[in-house]
Amino acid sequence: MDETLSEQILRENAEVLDAMLGHRFVEDIKADRLPADVFDRYLVFEGAFVDTAISIFAFAAAKADTMVQKRWLISVLDALANQQIAYFEKTFEARGIVLRDFNHAIPEVAAFQDGMLAIARDGGYLDTVAAMFAAEWMYWTWSKAAAERHISDALLKEWVDLHAHPDFAAQALWLKAEVDRAGGDMSDTERTRLSAIFGRALSLEIAFHDAPYL
Numbered sequence: 001m002d003e004t005l006s007e008q009i010l011r012e013n014a015e016v017l018d019a020m021l022g023h024r025f026v027e028d029i030k031a032d033r034l035p036a037d038v039f040d041r042y043l044v045f046e047g048a049f050v051d052t053a054i055s056i057f058a059f060a061a062a063k064a065d066t067m068v069q070k071r072w073l074i075s076v077l078d079a080l081a082n083q084q085i086a087y088f089e090k091t092f093e094a095r096g097i098v099l100r101d102f103n104h105a106i107p108e109v110a111a112f113q114d115g116m117l118a119i120a121r122d123g124g125y126l127d128t129v130a131a132m133f134a135a136e137w138m139y140w141t142w143s144k145a146a147a148e149r150h151i152s153d154a155l156l157k158e159w160v161d162l163h164a165h166p167d168f169a170a171q172a173l174w175l176k177a178e179v180d181r182a183g184g185d186m187s188d189t190e191r192t193r194l195s196a197i198f199g200r201a202l203s204l205e206i207a208f209h210d211a212p213y214l
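Quick note: the sequence shown, position 183, residue 183 per the UniProt record's numbering, numbers continuous.
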């Protein structure tokens, strides 16, 4: 049986995906030992990226071929703007986080935001799908495992549960299906190029998740 494009991508990027799934940040959450100050810095950096992700998915919606794709992506934009951004607004207030008190100039954070946005802005529809497949498949995978563990910080638990929820799973699976739909008659060169985008996105994610510890 022929290998689907998502199977190829996951196989070719297994090492970098495993590195992200075993990242210190993930392991600290699963062991219920993530320092509060690390979580606070992560929230600031991730909140800014979710804002950027709205632009990323907006580029995808603009470049999508069909109304079915556009409608799905509009639903993603709605979830980002009205669920995830709302989570950060609530959590910043609850934890007393003042954004101006944090260093926003960390290179790893800027590289992640700029790199992911550039993929969506400068590439085609499938470039964005490949990059966000990397991000969301990774988040769903580790969050499913973490959600089964005890997490004493209620706001951290809420963040994990948000990414283990069936709605987020549906989003990750939709991206995977989009990759496979397009991969059926794709050239080997194009398959390899999209796989490299997936790997690049994960490498940016690893450095980004290092940043809250710096």
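Every residue gets a Cβ at the ideal spot worked out from N, C-alpha and C, and that includes glycine. In this text, all values refer to a predicted model and were calculated from it rather than measured experimentally.
For residue i and residue j, I'd like the C-alpha separation in whole angstroms.
i    : j    : result
K157 : A169 : 17 Å
G47  : H165 : 19 Å
M1   : E7   : With a pLDDT of 49 at M1, under the threshold of 50, the modelled position of this residue cannot be trusted, and the question is left open.
G124 : A61  : 11 Å
Q83  : L43  : 15 Å
F112 : I106 : 10 Å
D167 : I206 : 24 Å
L80  : L162 : 11 Å
G184 : V129 : 15 Å
E108 : L204 : 8 Å
L126 : A134 : 12 Å
E12  : E3   : 12 Å
I74  : L17  : 28 Å
E15  : W142 : 15 Å
D188 : F57  : 26 Å
By the three-class DSSP mapping on this structure, what secondary structure does residue i have?
i           : result
E93         : helix
E3          : coil
R24         : helix
residue 230 : Because residue 230 is not part of the residues shown, which for the chain are 1 to 214, the question remains open.
A64         : coil
D210        : helix
V76         : helix
L194        : helix
F102        : coil
S55         : helix
R33         : coil
I85         : helix
I151        : coil
G47         : helix
G184        : coil
Could you check where the alpha helix (DSSP H) with residue i kicks off and where it finishes?
i    : result
Y139 : Y125 to A147
L162 : A154 to A164
F112 : P107 to D122
> Pairing CB atoms from the region 52–61 with CB atoms from the region 177–197, are three or more of them under 8 Å?
Replying inline: Taking a contact to require three or more Cβ pairs closer than 8 Å, the region 52–61 and the region 177–197 do not qualify as touching.
> Would you call the region 143–158 and the region 185–201 touching, i.e. three or more CB-CB distances under 8 Å?
Replying inline: Touching, no.
>> Closer than 8 Å is the cut-off here; do at least three beta carbon pairs connect the region 91–100 with the region 19–35?
In response: Contact between the region 91–100 and the region 19–35 is absent: fewer than three C-beta pairs spanning the two stretches fall below 8 Å.
> Does the region 134–149 come within contact of the region 9–22, defined as at least 3 CB pairs closer than 8 Å?
Replying inline: The region 134–149 makes contact with the region 9–22, as at least three CB pairs between them are under 8 Å.
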